[in-house]
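Participant: One structure follows; several queries about it will come next.
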Amino acid sequence: MSEIREFKRYNLKFKTSTKSAHGAWAEKEGLIFMEKSESGVSTFGEVGIVTGFSKHTLGDLIDEAKAWVLGGRIERYKFIQPALSCLKSDLWNQDLNHQTEVRYAKMFQDFGEINEPNQTIKKKIGLEDIKIEIKKITSWFDKMPVSTRVRLDANESLNYEKLLRWMDALYENPKLDFIEQPLSGIPDDKLLKLVEENDFPVALDESIFALGKPSKLLDMGWSGFFVLKPSLLEDWDETIDFIKHNANKSVVSTVYESPFGFEALLRVCRFSNLVSGVDRSIFFGNALEIESHHSVPFLVPSASIEELEILWDKF
6 MSEIREFKRY
16 NLKFKTSTKS
26 AHGAWAEKEG
36 LIFMEKSESG
46 VSTFGEVGIV
56 TGFSKHTLGD
66 LIDEAKAWVL
76 GGRIERYKFI
86 QPALSCLKSD
96 LWNQDLNHQT
106 EVRYAKMFQD
116 FGEINEPNQT
126 IKKKIGLEDI
136 KIEIKKITSW
146 FDKMPVSTRV
156 RLDANESLNY
166 EKLLRWMDAL
176 YENPKLDFIE
186 QPLSGIPDDK
196 LLKLVEENDF
206 PVALDESIFA
216 LGKPSKLLDM
226 GWSGFFVLKP
236 SLLEDWDETI
246 DFIKHNANKS
256 VVSTVYESPF
266 GFEALLRVCR
276 FSNLVSGVDR
286 SIFFGNALEI
296 ESHHSVPFLV
306 PSASIEELEI
316 LWDKF
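Written out as structure tokens, the structure reads:
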């Protein structure tokens, strides 16, 4: 057994609440984990409650974390597996002296003005009548710089008829990066064929979580993009390996982790060739934030193990 195992509960309020087809979200709560080896090396992990994804309760997480602290083996656990695999991941061995630049998509809650060129931005859809929403989005597109790329996240809110309407409205529009998770659940043959036969960019997110790992989606014949949330998947190193082999199709995405989980997430972003989905402005100004987690672009690794150890004592 390692020298020290600890976990703590956290609750982080958002600067402004976020709204998606899954509902409103105003805070992130969960557990952070720290393991220190006999040689004194610390690693970190976390697992939390995520609107639209999580089926467990905070009590479920705490029960398993208590058993883990007492020396339970990793294969025993159903809910805290993502945190424990993060603790064991090679990502904590990355050298702070060899940093990589990581760009990220800026999240827009409204239809704000965009003046800066070459930006990738993200906007939730499926929040109002589709006719009105398409009109607002296409009008917004027309006002953006030509170099802007937009990701529209439906969070499972569309059906086939609505997806086709979005396709008609945005087909061959160079500003569309992709529509994310238009339909609910695991994709059927109809969606697989639709994406394969049409030059229209679609990404899947919740489907990967439902399947448990991205490789299963690839085995089904998915030809679109993969939006990967390592904090929700059971094996961080397996997810990293998938990204390395599918770097032009994989987008690394946040679930508003604590600074410990976010540092791990940033260290995964460097393996993808695509703009990441890790905007952290929702926590800007929080006293528990790490300054380098709000730089533009990120330099990864961003925070040292020593910084995280100091921060641990503040939680």
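Counting with this note's numbering, you get residues 6 to 320 for the letters of the sequence shown. Just so you know, even glycine gets a beta-carbon here, dropped at the ideal spot from N, CA and C.
(1) Who are the near neighbours of Asn-123 in its chain, counting only those whose CB is closer than 7 Å to its CB and skipping five residues on each side?
(2) Between which residues of its own chain and Gly-86 is the CB-CB distance below 7 Å, once the five residues before and five after are set aside?
(3) Taking the C-alpha atoms as reference points, what is the distance between Val-283 and Leu-271?
(4) Alpha carbon to alpha carbon, how far is Phe-289 from Ser-260? Give it in angstroms, no decimals.
(5) For Ile-54 and Pro-219, I'd like the C-alpha separation in whole angstroms.
(6) Nearest-angstrom Cα distance between Asp-65 and Pro-235?
(7) Does DSSP put Arg-170 in a helix, in a strand, or in coil?
(8) Would you report the Cα separation of Gly-50 and Ser-144, rounded to the nearest angstrom?
(9) Under the assumption that Phe-265 contacts Arg-285 (Cβ atoms under 8 Å), give the Cβ distance between them as a whole number of angstroms.
(10) Could you tell me which residues DSSP puts in a beta bridge with Asp-158?
(11) Considering just the uninterrupted stretch of the beta strand (DSSP E) at Lys-180, what are its terminal residues?
(12) Between the Cα of Leu-75 and the Cα atoms of Val-155, Tyr-176, Thr-56, Ile-9, which residue gives the shortest distance?
(13) For the beta strand (DSSP E) that contains Ala-31, what are its first and last residues?
(14) Can you tell me which of Pro-306, Val-301, Ser-297, Leu-293 puts its alpha carbon nearest to the alpha carbon of Leu-316?
(15) By Cβ distance, which residues of its chain are closer than 6 Å to Ala-252, with the 5 residues on each side in sequence left out?
(16) What runs of the alpha helix (DSSP H), each 4 residues or longer, lie entirely inside the stretch 45 to 93?
(17) Using CA coordinates, which residue listed in Glu-243, Val-200, Trp-241, Asp-210 is at the minimum distance from Ser-228?
(18) Between the Cα of Ala-88 and those of Asn-203, Asn-164, Gly-57, Asp-242, spot the shortest distance and give me the residue it belongs to.
(19) Based on Cα-Cα distance, which residue from Lys-254, Ala-29, Gly-131 lies nearest to Leu-233?
(20) Quick one: using the 10 Å Cβ neighbour count with 16 as the cut-off for buried, is Tyr-165 buried or exposed?
(21) Short check: CB of Tyr-15 to CB of Phe-320, under 8 Å?
(22) Pairing CB atoms from the stretch 205 to 214 with CB atoms from the stretch 175 to 194, are three or more of them under 8 Å?
(23) Which class does Lys-249 belong to by DSSP, given the choice of helix, strand or coil?
(24) Can at least three beta-carbon pairs, one atom from the stretch 299 to 307 and one from the stretch 113 to 127, be found at a separation below 8 Å?
(25) In terms of residue numbering, what span does the beta strand (DSSP E) encompassing Phe-205 cover?
(26) Roughly how many angstroms separate the alpha carbons of Asn-178 and Ile-137, rounded to a whole number?
(27) Given that a residue counts as buried once 16 or more other Cβ atoms are within 10 Å of its Cβ, and exposed if not, what is Lys-33?
(28) Cβ atoms of Arg-108 and Ser-281: under 8 Å apart, would you say?
(29) For Leu-332 and Leu-63, I'd like the C-alpha separation in whole angstroms.
(30) Let me check understanding here. Comparing Cα to Cα, which of Lys-180, Gly-190, Ser-47, Trp-171 lies closest to Met-149?
(31) Excluding the five sequence neighbours on either side, which residues of its own chain have a C-beta within less than 6 Å of the C-beta of Lys-18, listed in chain order?
Facilitator: By the coordinates alone:
(1) Numbered from its first residue, the sequence shown carries residue 123 at position 118. If we look at Asn-123 and ignore the five residues flanking it on each side, its Cβ neighbours are Ser-152.
(2) If you number the sequence shown from 1, residue 86 lands on position 81. In the sequence on display, residue 86 carries Gln and not Gly. Answer for Gln-86: Glu-239, listed in chain order.
(3) Counted from its first residue, the sequence shown places residue 283 at position 278. Counted from its first residue, the sequence shown places residue 271 at position 266. For Val-283 and Leu-271, the gap between their C-alpha atoms comes out near 8 Å.
(4) Here residue 260 refers to the residue found at position 255 of the sequence shown. Here residue 289 refers to the residue found at position 284 of the sequence shown. Just to set this straight, residue 260 is Val in the shown sequence, not Ser. Rounded to whole angstroms, Val-260 to Phe-289 spans 15 Å at the Cα level.
(5) Residue mapping note: residue 54 aligns to position 49 of the sequence shown, counting from 1. Residue mapping note: residue 219 aligns to position 214 of the sequence shown, counting from 1. Their backbone Cα atoms lie some 21 Å apart in a straight line.
(6) Here residue 65 corresponds to residue number 60 of the sequence shown, with the count starting at 1. Here residue 235 corresponds to residue number 230 of the sequence shown, with the count starting at 1. One C-alpha to the other measures close to 20 Å.
(7) Translated into positions along the sequence shown, residue 170 becomes position 165. Look at Arg-170 here: in three-state DSSP terms it is helix.
(8) Position 45 of the sequence shown, counting from 1, holds the residue named residue 50. Position 139 of the sequence shown, counting from 1, holds the residue named residue 144. Between Gly-50 and Ser-144, the C-alpha separation is close to 42 Å.
(9) Here residue 265 refers to the residue found at position 260 when the sequence shown is read from its first residue. Here residue 285 refers to the residue found at position 280 when the sequence shown is read from its first residue. About 13 Å separates the beta carbons of Phe-265 and Arg-285, which is beyond the 8 Å limit, so they are not a contact pair.
(10) As a first step, residue 158 is located in the sequence shown; it is residue number 153 there, counting from the start. Paired residue(s): Lys-129, Glu-185.
(11) In the sequence shown, counting from the first residue as 1, residue 180 sits at position 175. DSSP places Lys-180 in no beta strand (DSSP E); its state is neither H nor E.
(12) The residue you call residue 75 lines up with position 70 of the sequence shown. In this structure, Ile-9 is the residue among Val-155, Tyr-176, Thr-56, Ile-9 with its C-alpha nearest to the C-alpha of Leu-75.
(13) Numbered from its first residue, the sequence shown carries residue 31 at position 26. Ala-31 -> beta strand (DSSP E) spans 28 to 41.
(14) Working through the sequence shown from its first residue, we reach residue 316 at position 311. Per the Cα distances, Leu-293.
(15) Start at 1 with the first residue of the sequence shown, and residue 252 comes out as number 247. Cβ within range, chain order: Ser-277, Asn-278.
(16) DSSP assignment within the stretch 45 to 93 yields the following whole alpha helix (DSSP H) runs of 4 residues or more, N-terminal first: 63 to 74, 86 to 92.
(17) On the sequence shown, residue 228 is found 223 positions in, with the first residue counted as 1. Nearest C-alpha to Ser-228: Val-200.
(18) The residue labelled residue 88 in the question sits at position 83 within the sequence shown. If we check each option's Cα against that of Ala-88, Asp-242 comes out closest.
(19) The residue you call residue 233 lines up with position 228 of the sequence shown. Considering only alpha carbons, the answer is Lys-254.
(20) Position 160 of the sequence shown, counting from 1, holds the residue named residue 165. That one is exposed.
(21) Here residue 15 refers to the residue found at position 10 of the sequence shown. Here residue 320 refers to the residue found at position 315 of the sequence shown. The Cβ atoms of Tyr-15 and Phe-320 lie closer than 8 Å to each other.
(22) Verdict: yes, contact present.
(23) Locating residue 249 in the sequence shown gives position 244, where the first residue counts as 1. Here DSSP, grouped into helix, strand and coil, assigns Lys-249 to helix.
(24) No, the stretch 299 to 307 does not touch the stretch 113 to 127.
(25) Here residue 205 corresponds to residue number 200 of the sequence shown, with the count starting at 1. Per DSSP, Phe-205 lies in no beta strand (DSSP E) segment and is marked neither H nor E.
(26) Locating residue 178 in the sequence shown gives position 173, where the first residue counts as 1. Locating residue 137 in the sequence shown gives position 132, where the first residue counts as 1. Looking at the two C-alpha atoms, the distance is approximately 19 Å.
(27) Position 28 of the sequence shown, counted from the start, is the residue given in the question as residue 33. In the assembly as shown, Lys-33 is a buried residue. Its beta-carbon has 16 or more other beta-carbons within 10 Å.
(28) Here residue 281 is taken as the residue at index 276 of the sequence shown, counted from 1. Here residue 108 is taken as the residue at index 103 of the sequence shown, counted from 1. Using a Cβ distance threshold of 8 Å, Ser-281 and Arg-108 count as a contacting pair.
(29) The chain is shown from 6 up to 320; residue 332 falls before or after that span and cannot be answered.
(30) As a working mapping, residue 149 is identified with position 144 in the sequence shown. Of Lys-180, Gly-190, Ser-47, Trp-171, the residue nearest in Cα terms is Lys-180.
(31) Translated into positions along the sequence shown, residue 18 becomes position 13. So the qualifying residues of the chain are Glu-32.
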